[in-house]
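There are 2 protein chains.
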Amino acid sequence: MMIDSPKKVAEILKEQNNILILVHAHPDGDTLGCGYSLCRSLLSLGKNARVCCSDPIPPKYGYLFDDIEEKVFDPDFIVAVDVADTKLLGKTNEELYADKVDLCIDHHGSNRFYAKQTYLDASAAAACEILLQVTKELGVEIGKKTADCIYTGLSTDTGCFRYSNVTPRTMIMGAEMIEKGASHADINTVMFDTKTKSYLELQRLCLEGLELHFDGRCSLITVTQEMFRKSGSDESECDAIASLARQVEGVTVGATLRERADGSFKVSLRTHAPVDASAICGKMNGGGHSRAAGCQLEGTLEEVKAILLKNIEEFMK
Amino acid sequence: MMIDSPKKVAEILKEQNNILILVHAHPDGDTLGCGYSLCRSLLSLGKNARVCCSDPIPPKYGYLFDDIEEKVFDPDFIVAVDVADTKLLGKTNEELYADKVDLCIDHHGSNRFYAKQTYLDASAAAACEILLQVTKELGVEIGKKTADCIYTGLSTDTGCFRYSNVTPRTMIMGAEMIEKGASHADINTVMFDTKTKSYLELQRLCLEGLELHFDGRCSLITVTQEMFRKSGSDESECDAIASLARQVEGVTVGATLRERADGSFKVSLRTHAPVDASAICGKMNGGGHSRAAGCQLEGTLEEVKAILLKNIEEFMK
Chain A
22 MMIDSPKKVA EILKEQNNIL ILVHAHPDGD TLGCGYSLCR SLLSLGKNAR
72 VCCSDPIPPK YGYLFDDIEE KVFDPDFIVA VDVADTKLLG KTNEELYADK
122 VDLCIDHHGS NRFYAKQTYL DASAAAACEI LLQVTKELGV EIGKKTADCI
172 YTGLSTDTGC FRYSNVTPRT MIMGAEMIEK GASHADINTV MFDTKTKSYL
222 ELQRLCLEGL ELHFDGRCSL ITVTQEMFRK SGSDESECDA IASLARQVEG
272 VTVGATLRER ADGSFKVSLR THAPVDASAI CGKMNGGGHS RAAGCQLEGT
322 LEEVKAILLK NIEEFMK
Chain B
22 MMIDSPKKVA EILKEQNNIL ILVHAHPDGD TLGCGYSLCR SLLSLGKNAR
72 VCCSDPIPPK YGYLFDDIEE KVFDPDFIVA VDVADTKLLG KTNEELYADK
122 VDLCIDHHGS NRFYAKQTYL DASAAAACEI LLQVTKELGV EIGKKTADCI
172 YTGLSTDTGC FRYSNVTPRT MIMGAEMIEK GASHADINTV MFDTKTKSYL
222 ELQRLCLEGL ELHFDGRCSL ITVTQEMFRK SGSDESECDA IASLARQVEG
272 VTVGATLRER ADGSFKVSLR THAPVDASAI CGKMNGGGHS RAAGCQLEGT
322 LEEVKAILLK NIEEFMK
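So the protein lines, in turn, are chains A and B. Quick note, the first sequence lines up with residues 22 to 338 if you use the numbering used here. Quick note, the second sequence lines up with residues 22 to 338 if you use the numbering used here.
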């Protein structure tokens with residue numbers, strides 16, 4: 022069932038007392054910002070609430086919850102935030118809760134409506150935009166730590182207010198959270214201006230092997246298992262490499278080929294308008310968004326590279 | 022004389038008819054955003070106005086003025102925007118106008134009050150925050166192109182709303198400019214997500230030579246003339262290298278030593294709180310802001326490195 026307003030979401034939540042909040046696996050700033058801002062609001066209303074993730078939460082997000090005492094209770098209401106599909110809950114939570122989600126709050130147009138009730142606003146740049154509306158409807162005070170949570174979601178899902186998904190609402194909500202005391206500069210330093218030595222070494226190796234194709238309109242970066250070993254980096258740091266490929270001047274398609282431990286390859290495409298990344302990946306049984314998409318390929322590096330470039334070429338004409 | 026409000030600035034401008042607008046040398050998005058938004062407002066009021074810079078304007082800023090027809094007229098009123106000191110006007114304009122500036126609109130606390138009248142708001146993250154207030158007081162319509170100009174200043178002077186200088190006002194003004202049609206995503210792509218091949222090659226060489234000192238709390242990058250030759254890059258692309266030094270995880274002082282054509286060295290320091298970059302550079306006859314400062318050093322690379330590290334060490338205790 023579709024819910025039609027943040028007000029209705031708040032009304033549903035107010036009726037519950039023991040609430041488990043699920044965030045997606047490989048958690049990011051938006052799903053965690055949603056989870057912990059909601060958890061804080063529910064706790065402040067005297068309810069039992071806790072956030073649950075299938076994966077460990079990266080230490081850099083510690084400030085989102087370092088002051089929350091974990092409650093032990095039997096949940097009787099399950100909310101998923103920023104989770105478009107039960108598959109994205111990750112192994113543990115998918116097995117435990119896939120068919121038991123009571124309420125889903127999300128901003129992905131691709132939401133699968135797996136929950137009993139869903140509030141979806143695909144115009145929200147970050148799910149935290151919705152969470153802020155819900156928080157206001159719950160009538161709780163927005164303290165500094167809640168502001169940190171919401172700001173983190175707004176900022177991380179928009180590349181720090183940089184991408185085309187940003188609307189005036191996103192900016193105004195950012196202003197409100199700074200007003201409420203969010204440590205915006207510190208959060209942004211951690212999220213955008215801190216690079217591990219291993220990542221910088223991986224980046225150096227990637228730049229060394231950067232290839233340009235189709236008159237410089239397509240860049241191709243290959244990340245091998247050997248490069249992970251040499252640099253001490255791993256797959257968790259590869260998202261930034263995918264963005265790097267598209268940053269090269271004159272490039273409209275930035276492609277990254279990442280060798281998996283099993284020898285297969287993960288393709289990540291990042292494009293500039295008008296090139297449709299999801300259409301290119303669709304040709305290789307993958308998919309995604311218009312400017313960011315992916316797929317899997319099997320074969321030797323040379324075979325895989327040839328398939329990828331052939332499929333990109335069709336869209337470069 | 023100090024002017025006390027954007028309203029008064031607008032009143033002064035309304036009385037003038039032939040206005041020359043000076044921006045600072047090595048022009049950036051904020052000074053140009055100020056210059057061209059003001060130029061547009063004055064033109065729309067039927068006045069003669071044009072922007073003048075001692076240096077050529079980098080092509081990436083072309084969209085700020087590509088639709089403005091350059092007016093030929095004898096100026097009788099001179100306004101400087103985002104220019105803290107006449108030295109920053111650059112050689113040509115300093116010689117022509119240093120003692121003739123009628124009005125200065127600025128946000129630098131270090132402003133030298135060289136103009137006959139000055140409106141200074143050091144709480145503004147970008148001088149374009151002031152220009153938007155002035156534009157509103159002038160009573161002119163804010164069209165898409167003016168919104169592009171103001172947004173460019175807001176975004177470029179804050180690292181895309183990332184730095185500690187951002188206030189709720191900065192964010193709200195960003196929202197207003199998007200509402201007025203600013204091409205925010207395209208502007209940010211050009212300003213933040215486009216890197217030349219020569220810059221990426223320079224970055225690779227810099228990462229290769231990156232040194233860590235004082236238990237990893239200080240990073241040191243050396244950029245030599247040889248590296249400029251090898252990469253095809255030049256000094257104009259070095260600002261991003263200076264930021265790179267501070268991005269290394271665990272680093273509180275990121276130092277860049279850049280070899281000049283004459284063999285001397287330019288030091289750029291970028292720090293995280295609480296390390297005071299301007300205090301460190303002050304010890305070497307330089308200066309700047311608390312998180313970004315610089316100085317000049319003479320000697321061989323090894324001598325210069327030793328002096329720099331010795332001065333940094335004192336502040337690392």
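Glycine included, every Cβ here is placed at the ideal spot set by N, Cα and C.
Mind pulling the chain A residues with CB within less than 7 Å of residue 260(B)?
Simply none; closest approach about 14 Å.
Under 6 Å Cβ to Cβ from residue 277(A), same chain only, skipping five residues before and after it: list those, please.
242, 262, 263, 266 and 289
If you reduce the DSSP assignment to three classes, tell me which class residue 177(A) lands in.
helix
What is the rounded straight-line gap between the Cα of residue 129(B) and the Cα of residue 44(B)?
14 Å
Just to confirm, does residue 101(A) get its C-beta within under 7 Å of one of the non-hydrogen atoms of the ligand ZN?
In the structure shown, the ligand ZN is absent, as is every other ligand, since no ligand is present at all.
Buried or exposed: where does residue 282(A) fall if 16 or more other Cβ atoms within 10 Å of its Cβ makes it buried?
exposed
Of the residues that make up the region 181–193 of chain B, which ones have a beta carbon closer than 9 Å to any beta carbon in chain A?
So the list reads 181, 182, 183, 184, 185, 186, 187, 188, 189, 190, 191, 192 and 193, given in the order they occur along the chain.
Quick one: does residue 214(A) have its CB under 8 Å from some CB of chain B?
yes
Taking only three categories from DSSP, how would you classify residue 234(A)?
Residue 234(A) carries a strand assignment under DSSP once its states are collapsed to helix, strand and coil.
At a Cβ threshold of 8 Å, is residue 269(A) touching chain B?
Interface residue, yes.
Along the region 164–180 of chain B, where does the CB come closer than 9 Å to a CB of chain A? Name the residues.
Within the region 164–180 of chain B, the residues whose Cβ lies closer than 9 Å to some Cβ of chain A are 176 and 180, listed in chain order.
Unbroken beta strand (DSSP E) runs of length 3 or more, entirely within the region 176–258 of chain A: which are they?
232–234 and 239–244
Run down chain B in chain order and give the residues with a C-beta less than 7 Å from the C-beta of residue 217(A).
270
Quick one: what does DSSP say residue 24(A) is sitting in, helix, strand or coil?
coil
How far does the beta strand (DSSP E) with residue 280(B) in it extend, from its first residue to its last?
274–280
Against chain A, with Cβ distances strictly below 8 Å, would residue 199(B) count as a contact?
yes
For chain B, find out if any of its Cβ atoms is closer than 8 Å to the Cβ of residue 205(A); answer yes or no.
yes
Starting from residue 291(B), follow its DSSP beta bridges and name the residues at the other end.
275(B) and 313(B)
When the distance is taken between beta carbons, is residue 155(B) closer than 8 Å to residue 27(B)?
yes
Is there a Cβ of chain A sitting closer than 8 Å to that of residue 209(B), yes or no?
yes
Round the Cβ separation of residue 75(B) and residue 107(B) to the nearest angstrom and send it over; I've been treating them as touching at under 8 Å.
Wrong, their Cβ atoms sit about 11 Å apart, outside the cutoff.
Check the Cβ of residue 71(B) against every Cβ in chain A and list those closer than 9 Å, keeping chain order.
By Cβ distance, chain A contributes nothing, its closest Cβ being about 30 Å from residue 71(B), past 9 Å.
Just to check my reading of the structure: residue 22(B) and residue 137(B) have Cβ atoms closer than 8 Å, yes? What is that Cβ distance to the nearest angstrom?
7 Å
Take residue 339(A) and list the residues in its own chain whose beta-carbon comes closer than 7 Å to its own, dropping the five residues that flank it on each side.
The requested residue 339(A) is not part of the displayed model; chain A covers only 22 to 338.
Looking at the unbroken alpha helix (DSSP H) that takes in residue 43(B), where does it start and where does it end?
Residue 43(B) -> not in any alpha helix (DSSP H); beta strand (DSSP E) instead, spanning 39–43.
Whose Cβ in chain A lies nearer than 7 Å to the Cβ of residue 225(B)?
225, 228 and 229
Mapping the DSSP letters down to three states, classify residue 172(A) as helix, strand or coil.
helix
Can you list, in chain order, the residues of its chain with a C-beta nearer than 6 Å to that of residue 140(A)? Leave out the 5 residues immediately preceding and following it.
By the criterion of a C-beta distance shorter than 6 Å, residue 140(A) is surrounded in its chain by 24, 30 and 126, once the five residues flanking it on both sides are discounted.
With distance defined between alpha-carbon atoms, name the residue in 69(B), 34(B) and 50(B) nearest to residue 175(B).
50(B)
According to DSSP, simplified to helix, strand and coil, what is residue 102(A)?
strand
What would DSSP say about residue 70(A), mapped onto helix, strand or coil?
Note: residue 70(A) maps to strand in three-state DSSP.
Tell me the rounded alpha-carbon separation between residue 198(A) and residue 317(B).
41 Å
Which runs of the alpha helix (DSSP H) at least 4 residues long sit entirely within the region 82–167 of chain B? Give them in chain order.
112–118 and 148–159
Considering only C-alpha positions, which residue in the set 286(A), 325(A) and 37(A) is nearest to residue 96(A)?
Scanning 286(A), 325(A) and 37(A) for the CA closest to the CA of residue 96(A) turns up 37(A).
Closest Cβ-Cβ distance between residue 196(B) and chain C: below 8 Å?
The structure shown has no chain C; the protein chains it does contain are A and B.
Contact between the region 203–214 of chain A and the region 172–189 of chain B is defined here as three or more beta-carbon pairs at a separation below 8 Å; is this criterion met?
yes
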